[in-house]
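Encoded as structure tokens, the structure appears first; notes follow it.
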Amino acid sequence: MSKEIVYVKLGGSFITLKDKPFTLNIGALDKAVAIIKNTWRKVSLLLGNGGGSFAHPVVQKYKNACPEELLVRCHSATRKLNHIIVDKLLENNILATTIQTSAIIMKQNNEYKVFIDPVKTLVEKGIIPVLYGECIINSKNTYTVLSTENVFRILSKHIKPSRIVLLTDVDGVYDKNPKKHRDAKIINVINRRNLEDVLEKLSLSKDLDETGSMYGKIKSTAELSEELGIPVYIVSGFNTEEAIKAILGKPLSRGTIIDMR
Numbered sequence: 033m034s035k036e037i038v039y040v041k042l043g044g045s046f047i048t049l050k051d052k053p054f055t056l057n058i059g060a061l062d063k064a065v066a067i068i069k070n071t072w073r074k075v076s077l078l079l080g081n082g083g084g085s086f087a088h089p090v091v092q093k094y095k096n097a098c099p100e101e102l103l104v105r106c107h108s109a110t111r112k113l114n115h116i117i118v119d120k121l122l123e124n125n126i127l128a129t130t131i132q133t134s135a136i137i138m139k140q141n142n143e144y145k146v147f148i149d150p151v152k153t154l155v156e157k158g159i160i161p162v163l164y165g166e167c168i169i170n171s172k173n174t175y176t177v178l179s180t181e182n183v184f185r186i187l188s189k190h191i192k193p194s195r196i197v198l199l200t201d202v203d204g205v206y207d208k209n210p211k212k213h214r215d216a217k218i219i220n221v222i223n224r225r226n227l228e229d230v231l232e233k234l235s236l237s238k239d240l241d242e243t244g245s246m247y248g249k250i251k252s253t254a255e256l257s258e259e260l261g262i263p264v265y266i267v268s269g270f271n272t273e274e275a276i277k278a279i280l281g282k283p284l285s286r287g288t289i290i291d292m293r
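Position 130, counted from 1, in the sequence shown is what the numbering used here calls 162; the numbers after and before it change by one each time, with no gaps.
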């Protein structure tokens, strides 16, 4: 019997230090390796990593430069982070390899063109493909910024996962920023019945910067769950036990499940 396919994102806020450009969170990477080591033989994994403090400073610095320069600078920064992650997995005898996102996905005439065969073959062979959010080539506008979640969305049309797991630096989705409010409450389940209420709470929060970002992420993640007909788990990458449960599809003690089926 073939194994379940699970997409796992190592969030940029988890794997890097947000306020220190080009700085890896070494403790987080160690946690991520432990999580993958405990799951990769049990399910077929496809990994993606966010850009975090490697990508965002580059986009900000070169956003007013010519698009060609932003494209190549973005490629350089995101590639460095991905290679660090893959090398660490290999050091721990986890069979993983980089698949450069912009080498298999491009945008042409407002459509994504995908060369999926290398990814399919790796998954079939039990090797973990590790992709990442980056600037992909756009035949019209030079580049398009593609988030890891959107990479997953595109790939899932060719390789459907049983679930998606997002590893972040907090335990899940909260009603307000848990880093600023000690009384913030975790939302265990987001579904058709409460999605609008959750989005409304986030939109009314005073933490505009954080919740604006979170609002968009929850909305797009709910759309992804509905589109694919699968659950999306959001858990802390620092909580090894819960992350392993999420990847294996077991009930969570701490985390958020977005399920729009």
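Beta carbons are placed, not taken as given, at the ideal position from N, Cα and C, and that holds for glycine.
For residue i, is the classification buried or exposed, using 16 other Cβ atoms within 10 angstroms of its Cβ as the cut-off for buried?
i	result
D241	Only weak support is given to the placement of D241: the predicted model assigns it a pLDDT of 47, under 50, and the value that follows is read from those uncertain coordinates. It is exposed - the Cβ of D241 has fewer than 16 other Cβ atoms within 10 Å.
D229	exposed
R224	exposed
I250	buried
R185	buried
I58	exposed
G261	exposed
L236	exposed
R293	exposed
S268	buried
L122	exposed
T55	exposed
K41	buried
G244	At G244, the pLDDT of 46 sits below 50, so the modelled position is not reliable; the number obtained from the coordinates is stated separately. Classification for G244: exposed.
K52	exposed
E274	buried
T129	exposed
P193	buried
L284	buried
F270	buried
G83	buried
G158	exposed
E166	buried
F86	buried
L127	exposed
Please report the residue range of the beta strand (DSSP E) in which residue i lies.
i	result
Q140	I137 to Q140
R195	R195 to T200
K145	E143 to V146
A128	A128 to T130
P161	I160 to Y164
I'd like to confirm the pairing. Which residues does DSSP put opposite residue i in its beta bridges?
i	result
T288	I266
L77	V38
I222	I290
Y247	According to DSSP, which records beta bridges pairwise, Y247 is partnered with nothing at all.
I169	Y175
V90	According to DSSP, which records beta bridges pairwise, V90 is partnered with nothing at all.
T272	DSSP, once it has assigned bridges, lists no residue as partnering T272.
T48	L56
For the alpha helix (DSSP H) that contains residue i, what are its first and last residues?
i	result
R111	P99 to E123
P283	Where P283 is concerned, there is no enclosing alpha helix (DSSP H), given that its DSSP letter is neither H nor E.
L227	L227 to L236
L154	D149 to E156
I29	Because the chain in this structure spans residues 33 to 293, residue 29 falls outside the shown range and cannot be described.
A28	Past the boundaries of the shown model lies residue 28; the chain is included only from 33 to 293, so the question cannot be answered.
K212	Premise fails: K212 is in no alpha helix (DSSP H) and is neither H nor E.
Just to confirm, does residue i get its C-beta within under 6 Å of one of the non-hydrogen atoms of the ligand FMN?
i	result
K192	Because no ligand of any kind appears in the structure shown, any question about the ligand FMN cannot be addressed here.
- Message: For the region 104-113 against the region 66-77, do three or more pairs of beta-carbon atoms, one drawn from each stretch, fall closer than 8 Å, so that the two count as touching?
- Response: Between the region 104-113 and the region 66-77, the count of Cβ pairs shorter than 8 Å is below three; the stretches do not touch.
- Indicate whether the contact test is met: 3 or more Cβ pairs, each with one atom in the region 100-108 and one in the region 52-72, closer than 8 Å. Too few Cβ pairs lie closer than 8 Å, so no.
- Inter-stretch contact (C-beta, 8 Å, three-pair minimum) for the region 90-98 and the region 131-143: These segments do not touch.
- Counting Cβ pairs, one atom from each stretch, are 3 or more of them under 8 Å apart for the region 203-221 and the region 143-159? No, the region 203-221 does not touch the region 143-159.
- Query: Is the region 246-260 touching the region 180-193 in the sense that three or more CB pairs, one from each, lie closer than 8 Å?
  - Reply: When Cβ pairs closer than 8 Å are counted between the two stretches, the region 180-193 is seen to touch the region 246-260, the count reaching three or more.
- Query: Is the region 199-211 in contact with the region 42-55, if contact means three or more CB pairs nearer than 8 Å?
  - Reply: The region 199-211, when compared against the region 42-55, does touch it at the 8 Å Cβ threshold.
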